[in-house]
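Student:
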Amino acid sequence: MALDQSFAGRSYPPTPPYEVGREKIREFAEAIGDSHPAYTDPEAAKQLGHPDVIAPPTFVFSITYHAAHQVVRDPALGLDYTRVVHGDQRFAYSRPVRAGDRLTVTSTIESVRSMAGNEVIDVRGDVHDEAGEHVVTAFTKLVSRKKEAS
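When we follow my numbering, the leftmost residue of the sequence shown carries the number 7, and every step to the right adds one.
In structure tokens form, the structure reads like this:
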């Protein structure tokens, strides 16, 4: 079933705030094998001009991915998530994510199109802190693979 292309431009409500903790940042940095001291040592982060430890650039994926569930679980869109593969991911930062941030994500469908029998959906996740300031935007491309003829 083809995705409803009229969903392009549709935004979903912001997520509840996610509080970024030092331990979550440390665990993430450890999991990806990045030992930069600004991710674990508040003093190292302060020497770089940050008020507390900062998160590796891809840390925000876990937050924006969770927020994108509003999109992929929207039954009116018609997305068969069992056929979805992650096509691309990129981030545009205004500032690093920091321990203590309380972040919300607003997901917007940027485009919906068919390509070679596959359905491609581009989702933008705008991340803001509790003061309403932009922190980062995540751009995610999801590809719903076509069903093979049997």
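Cβ atoms here follow ideal geometry from the backbone N, Cα and C, with glycine treated the same way.
Just to confirm before moving on: does the CB-CB distance between Gly84 and Asp132 stay below 7 Å?
Tutor: no
Student: Scan the region 40-81 and note each continuous alpha helix (DSSP H) run of 4 residues or more that stays entirely inside, going in chain order.
Tutor: 48-53, 67-78
Student: Sort Pro102, Thr21, Ala14, Phe67 by Cα distance to Lys52 and report the nearest one.
Tutor: The shortest C-alpha to C-alpha distance from Lys52 to any of Pro102, Thr21, Ala14, Phe67 is the one to Pro102.
Student: Helix, strand or coil for Thr143? Go by DSSP, reduced to three states.
Tutor: Three-state result, Thr143: strand.
Student: Let's test the definition: count the other Cβ atoms within 10 Å of the Cβ of His134 and tell me whether it reaches 16, buried, or not, exposed.
Tutor: With 16 or more other Cβ atoms within 10 Å, it is buried.
Student: Which class does Ser120 belong to by DSSP, given the choice of helix, strand or coil?
Tutor: strand
Student: Is it buried or exposed, Tyr45, if we count other Cβ atoms within 10 angstroms and call 16 or more buried?
Tutor: buried
Student: I need the DSSP call for Glu25, collapsed to helix, strand or coil.
Tutor: strand
Student: Taking C-alpha atoms, which residue in Ile31, Val118, Val149 lies nearest to Gly15?
Tutor: Val118
Student: Run the CB neighbour count on Glu136, radius 10 Å, all protein chains shown included, and call it buried at 16 or more, exposed below.
Tutor: exposed
Student: I'd like to check one pair, Val129 with Ser150: are the Cβ atoms closer than 7 Å?
Tutor: no
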